[in-house]
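Numbering (our numbering), first residue to last: 21 to 417.
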């Protein structure tokens, strides 16, 4: 996608060269006017580059938040169940959160404010990871009571909130910069329009050149809009499966909770987890694991309704948000999904096939609970399904 942006810049430079050559033939006056137009266009291009950079930083912040939450979810899963399968997403979340934070610091190395924000986030991240590591270590040594006491104290939750707060400050700074740079882009475009009107006033020859310039600018604008839309899709979509990512899923859950409460209609939410997914990765590598994740996403699309929102929470966890769906309907839908997955033969490589099963936890929106509470109840039901032998659907209490 960045290559496409660079290609657009190269095409824009070629168009400017043609325009400058034509204007040179019209005399020093026309050359001076076009020099001014070139300055405005250069400013617009630079502002556009900063806009893309800001969007890249926002995407990196979102990935960091996802990794931090994945580490917490994995650790909590292990502490609640004692199942070592949860240590895999916990370890992956630790690695990815530190890696993404390092990438953020590289992206913003020329911004002192962001470097301070991210240095603070790094300190808080290490404190959070150390706290969670202590809880996991206690559980591994059989000191479950002490681990539970640490969890009950809220130390890990407080520290993860500190990390997310620091990242929110970095995000707010980037959004502020995005607003400034967008204003610069708009100002540069207005200056370019004024210069174009001046060019149009000098004669018919300049009118023809202006028409060419405007057509080129319109095309560049449409392509820039398309590129911006693509970046927005990347910000809300899981790249591996094409489903909604965690950030978009949570935002939509909050919206649907408010709508369900306003209309009085039911809303169900399901979290499903691929059973023994670590064995797939250990046996067939990450390429095999990715093939399974993509196939599960395909089964989700085939089995659910168009009105349902499908998302990947992270790792091998998926989610289905089902508006206007009561408990019985949600249970039937998830049973269909479970059976469809169990019956699907998945090709991992030429001549290599496997089958997997899923465990599912389902919760119906109740009373005045918020979206995160709905997710938490579905998550607990998922743990019960895992503990109950896997390959089953459990309804939340």
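Quick reminder that beta carbons are idealized off the backbone N, C-alpha and C, glycines included.
Asked, Found
"Contact between the stretch 258-272 and the stretch 281-289 (3+ Cβ pairs under 8 Å)", "no"
"With 16 other Cβ atoms within 10 Å as the buried cut-off, status of residue 366", "buried"
"Three-pair Cβ contact test at 8 Å for the stretch 302-311 versus the stretch 350-370", "yes"
"Residue burial classification, residue 27 (beta-carbon count within 10 angstroms, cutoff 16)", "exposed"
"Exposure label - residue 372; buried when at least 16 CB within 10 Å", "exposed"
"Three-state class that DSSP yields for residue 109 in the structure shown", "helix"
"Beta-carbon proximity of residue 290 to residue 331, cut-off 8 Å", "no"
"Beta-carbon proximity list for residue 159, same chain, < 8 Å, skipping 5 on both sides", "98, 99, 102, 167"
"Own chain, CB closer than 7 Å to residue 84, minus 5 neighbours either side, in chain order", "117, 120, 121, 124, 187"
"Endpoints, the beta strand (DSSP E) within which residue 380 is located", "378-384"
"For residue 73 and residue 130, the rounded distance between their alpha carbons", "12 Å"
"As assigned by DSSP and simplified to three states, the class of residue 388", "coil"
"For residue 332, the three-state DSSP class (helix, strand or coil)", "strand"
"Which listed residue (178, 82, 33, 87) has its alpha carbon closest to that of residue 62", "33"
"Under the three-state DSSP convention, the category residue 101 falls into", "helix"
"Best match in 184, 172, 135 for proximity to residue 147 [C-alpha to C-alpha]", "184"
"Supposed close pair residue 357, residue 319 - CB separation, criterion 8 Å", "7 Å"
"Buried or exposed (CB count within 10 angstroms, at least 16 for buried), residue 200", "exposed"
"Continuous alpha helix (DSSP H) stretch holding residue 157: start and end", "132-160"
"Contiguous alpha helix (DSSP H) assignments of at least 4 residues, all confined to the stretch 245-327", "266-283, 297-323"
"Residue-chain proximity (residue 367, chain D), Cβ-Cβ < 8 Å", "Among the chains of the structure shown, chain D does not appear; only one protein chain is present."
"Own chain residues within Cβ distance below 6 Å of residue 406, not counting five before or after", "379"
"Sufficient close CB pairs (3 or more, under 8 Å) joining the stretch 104-111 to the stretch 131-142", "no"
"Beta-carbon contacts of residue 209 that lie in its chain and below 7 Å, excluding the five residues immediately before and after", "64"
"Beta bridge counterpart(s) of residue 343 as assigned by DSSP", "287"
"Residue 76 versus residue 127: straight-line alpha-carbon distance, rounded", "8 Å"
"Residue from 78, 139, 88, 205 with nearest C-alpha to residue 434", "With the chain covering only 21 through 417, there is no way to say anything about residue 434."
"Proximity of residue 300 and residue 361 at Cβ, strictly below 8 Å", "no"
"Where residue 368 sits in the DSSP three-state scheme", "strand"
"Residues near residue 92 by beta carbon distance below 6 Å, same chain, minus five either side", "180"
"Residue 328 versus residue 94: straight-line alpha-carbon distance, rounded", "26 Å"
"Cβ-based neighbour list, residue 303, same chain, cut-off 8 Å, excluding 5 preceding and 5 following", "none"
"Identity of the residue in 401, 345, 190, 297 nearest residue 374 by Cα", "297"
"DSSP-derived helix/strand/coil call for residue 222", "coil"
"Top-ranked residue by Cα proximity to residue 67, from 388, 396, 202, 324", "202"
"Check whether residue 401 and residue 415 have beta carbons under 8 Å apart", "yes"
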